[in-house]
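J.: Please read through the structure below; I'll follow up with questions.
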Amino acid sequence: MSQVDTQLEDIRSQIEREIPNDVSVTDVKYEGPELVVYTHDPKRFAGDGDLIRRLASKLRKRITVRPDPSTLSSPETAKTQIENVIPDEAGITDLDFHTDTGEVVIEAQKPGMVIGRRGSTLREITQEVGWTPEVVRTPPIESSTVSNVRNFLKQERDERREILERVGRQIHREELSDDEWVRITTLGCCREVGRAAFILSTPETRILIDCGDKPGAEGEVPYLQIPEALGAGATNIDAVVLTHAHLDHSALIPILFKYGYDGPIYTTEPSRDLMGLLQLDYLDVAAKEGRTPPYESAQVREAIKHTIPLEYGDVTDIAPDVKITFHNAGHILGSGVVHFHIGDGLYNVAFSGDIHYDDTRLFNGAVNDFPRVETLVMESTYGGRNDYQTDQADSERKLKEVINEAYDRGGNIVIPAFAVGRSQEIMLVLEEAMREGDIPEMPVHLDGMIWEATAIHTTYPEYLRDELRDRIFHEDENPFLADQFNHIDGGEDERQEVADGEQCVILSTSGMIEGGPIMSWLRHLGPDPDSTLLFVGYQAQGTLGRRIQNGWDEIPVSGWGNDGGRNGTLSLNMEVETVDGFSGHADRQGLENFVKTMNPRPEKVLCVHGDERSVQDLSSALYHEYNIRTFAPKNLETFRFK
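The working numbering puts the first residue of the sequence shown at 7, with every later residue one more than the last.
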């Protein structure tokens, strides 16, 4: 019998000592970070609301109780009973029964009514039918991504359980070393923006945090070939942690599976869905531009299959010596500041990912309150000495001014925007401005993946700012369903029709004008001096967006030009404006405030994910201001702690 099997037997004995004598335990398993307890008496467990809580506290593990399959009523009988327990207003749209695990997945328009106060309705369901309910939200806006991910995971359920059991045994294995040290190795995004990747190592465990590409720099990928990373073999990585889904953090995760990785990815549920959406688009764009992508869609599916979603605030074992907790980063949907607790109080590291310190229309500001943190690895995108953005009210005022000026000239407004985050922020500003008469009512056309990304936002309103979440819960107040928003399916004929039609605002990917449908809008409207190209997001060095921002008015293009040839240049006669303050990143003041108010304040800060000037400026300022040891590491440096 293995050490893990012995451990499970001991746990089963402990559970049996804690529960009433007439309550049975038929099996105990690890599935990922969770301990799953099977019983002939699920109704008894459900009847005592504190029993599972007491067991979890005693065993210091996350516990799920499931009925032994032999005790289950038929799905037909259970369906009727469940529908009798759940209020009609919950809006059940699907019940999916899984007899192998005794789980029933309840999809509803109002999941809160299925859960009940402190889980009371869920317990009532189990008491009535014995099945273990799991609740998911019916997207208010139909999302093909959410639907495809859910259906795929349903199809792969058996294999996924095998993955989770294997991962669970790996997490809960015995520690093999008595050494105590912690190392961080930088594989990318140091003194540059993009290709985020780090290895966090202990004597027991090797964890990859993020694995992204670099905008505007094809071929510049993280240094995965070194021995600390894939150079020692992909199976030497024990876990992957994804802070958020933007491609400069997630694009190359599927390549790990191409080279033999078969372990877990930890991230939030919306990040999992957005990751799949953006990675598949990444492959699509590469194919359209004639480039050979570094992986195939099969590896994207593998990444999704291996993802273990975590909620904000849940402390989760991911290795024998590592626990992680995701906290809201305020950057994009599902983005996380990830706190690593290493060993038995040995060391604590927080990776900021990308953060926005203050509240926005979309999100509450980033969390910076932790039990302990010795080292902070912190983004520095706007860490430069003069990188101060206008506040939100001023930014919105300027945005409305630019739109009104273009409208008065008879022109259109083209806004290149990231599909995830900035687009939804701008949609909220436009919806309110038109509703309150600050700008004329006109169509707002959404091109590229923006509508699909918006649908994913409405699927996970609990990750949004409190006020916005409440509006989405009421369908007639959902701002993303406002009449002026029009989803463009992507055909050139439709774009031509829009360009020739009534005045409008066009939100289109890509946000840095690196390919995608925005190129078509520049072709249609770029020569028009009455129209305006309006930047609202960060333009990385080397991107076409940054060049246009810096004054380029002749754009090299592939596939069309002024002469009608296959290649040429496009004259950009439209007005070019930039409105700061809509970035998903904290500005210099926000970054300083994040550290200033951080509880506890870290002993060391590694300033990363910014150009050379930005990381050095921020590193110097934090050192002088707060007497913290700071570093502006280069790629391929290793920091050893303890």
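Built from N, CA and C at the ideal position, the CB exists for glycine as well.
Please classify residue 575 as buried or exposed, where buried requires at least 16 other C-beta atoms within 10 Å of its C-beta.
T.: When all chains shown are included, residue 575 counts as exposed.
J.: Can we say the stretch 417-431 touches the stretch 451-466, given the rule of at least three CB pairs closer than 8 Å?
T.: yes
J.: Let me check understanding here. Comparing Cα to Cα, which of 401, 351, 361, 405 lies closest to residue 379?
T.: Closest by alpha carbon: 351.
J.: Kindly indicate the opening and closing residues of the beta strand (DSSP E) around residue 53.
T.: Unbroken run through residue 53 is the alpha helix (DSSP H), 48-53; no beta strand (DSSP E).
J.: Which residues share a DSSP beta bridge with residue 313?
T.: 271
J.: Beta-carbon separation of residue 119 and residue 93 under 8 Å?
T.: Contact annotation: residue 119 and residue 93 have beta-carbon atoms nearer than 8 Å.
J.: Roughly how many angstroms lie between the CA atoms of residue 570 and residue 526, to the nearest whole one?
T.: Low confidence applies to residue 570: its pLDDT is 45, below 50, so where it sits in the model is not reliable, and the reading given next is rough at best. About 14 Å.
J.: Measuring only the C-alpha atoms, how far is residue 382 from residue 150?
T.: Straight-line Cα distance between these residues: approximately 37 Å.
J.: What would DSSP say about residue 158, mapped onto helix, strand or coil?
T.: When DSSP states are grouped into helix, strand and coil, residue 158 belongs to the helix group.
J.: By alpha-carbon positions, which one of 10, 432, 288 ends up nearest to residue 402?
T.: 432
J.: Report yes or no: do three or more beta-carbon pairs, one from the stretch 76-90 and one from the stretch 122-141, lie closer than 8 Å?
T.: Flag = yes, the stretch 76-90 and the stretch 122-141 touch.
J.: Starting from the C-beta of residue 567, find all residues in its chain whose C-beta is less than 8 Å away, skip the five residues before and the five after it, and write them out in chain order.
T.: Confidence at residue 567 is low in this model, with a pLDDT of 43, below 50, so the placement of that residue is unreliable and no value is reported for it.
J.: What residue range is occupied by the uninterrupted beta strand (DSSP E) comprising residue 207?
T.: 203-207
J.: Buried or exposed for residue 28, going by 16 or more other Cβ atoms inside 10 Å?
T.: An exposed status is given to residue 28, since fewer than 16 other beta-carbon atoms sit within 10 Å of its beta-carbon.
J.: How would you call residue 386, buried or exposed, if buried means at least 16 neighbouring beta carbons within 10 angstroms?
T.: Residue 386 sits buried, since 16 or more C-beta atoms from the chains shown fall within 10 Å of its C-beta.
J.: Determine the direct distance from the alpha carbon of residue 23 to that of residue 608, and round the result to whole angstroms.
T.: 42 Å
J.: For the pair the stretch 510-525 and the stretch 539-549, tell me if three or more CB-CB distances fall below 8 Å.
T.: yes
J.: Just to confirm the assignment, what range does the beta strand (DSSP E) spanning residue 632 have?
T.: Unbroken run through residue 632 is the alpha helix (DSSP H), 618-632; no beta strand (DSSP E).
J.: Quick one: residues in its chain with C-beta nearer than 8 Å to the C-beta of residue 629, no 5 flanking neighbours on either side, listed in chain order?
T.: 635, 636
J.: With distances taken from CA atoms, which of 550, 131, 555 is nearest residue 562?
T.: 550
J.: Looking at C-beta atoms only, is the number of pairs between the stretch 242-260 and the stretch 330-350 that lie closer than 8 Å three or more?
T.: The stretch 242-260 vs the stretch 330-350: in contact.
J.: Residues bridged to residue 514 by DSSP?
T.: 422, 453, per the DSSP bridge assignment.
J.: Classify residue 277 as helix, strand or coil using the three-state DSSP reduction.
T.: Of the three classes helix, strand and coil, the one that applies to residue 277 here is helix, per DSSP.
J.: How is the alpha helix (DSSP H) around residue 64 delimited, first residue to last?
T.: 57-65
J.: To the nearest angstrom, report how far apart residue 523 and residue 30 are at their CA atoms.
T.: 60 Å
J.: Along the chain, where does the alpha helix (DSSP H) containing residue 479 start, and where does it finish?
T.: 472-479
J.: Under DSSP, the beta strand (DSSP E) around residue 24 begins and ends at which residues?
T.: Element bounds for residue 24: not the beta strand (DSSP E) but the alpha helix (DSSP H), 9-24.
J.: Between the Cα of residue 589 and those of 337, 142, 331, 357, spot the shortest distance and give me the residue it belongs to.
T.: 337
J.: Going by DSSP in three states, residue 433 sits in which element: helix, strand or coil?
T.: The answer is helix: DSSP assigns residue 433 an H, G or I state.
J.: Which of the three DSSP states is assigned to residue 354 in this structure?
T.: Strand.
J.: Between which two residues does the beta strand (DSSP E) harbouring residue 140 extend?
T.: For residue 140, the enclosing beta strand (DSSP E) covers residues 138-143.
J.: Which one of 295, 310, 493, 286 has the shortest CA to CA distance from residue 302?
T.: Cα-wise, what sits closest to residue 302 is 286.
J.: Quick check: what's the CA-CA separation for residue 8 versus residue 552?
T.: 57 Å
J.: Once you ignore the five residues that flank residue 87 on each side, which residues in its own chain have a CB closer than 7 Å to its CB?
T.: 134, 135
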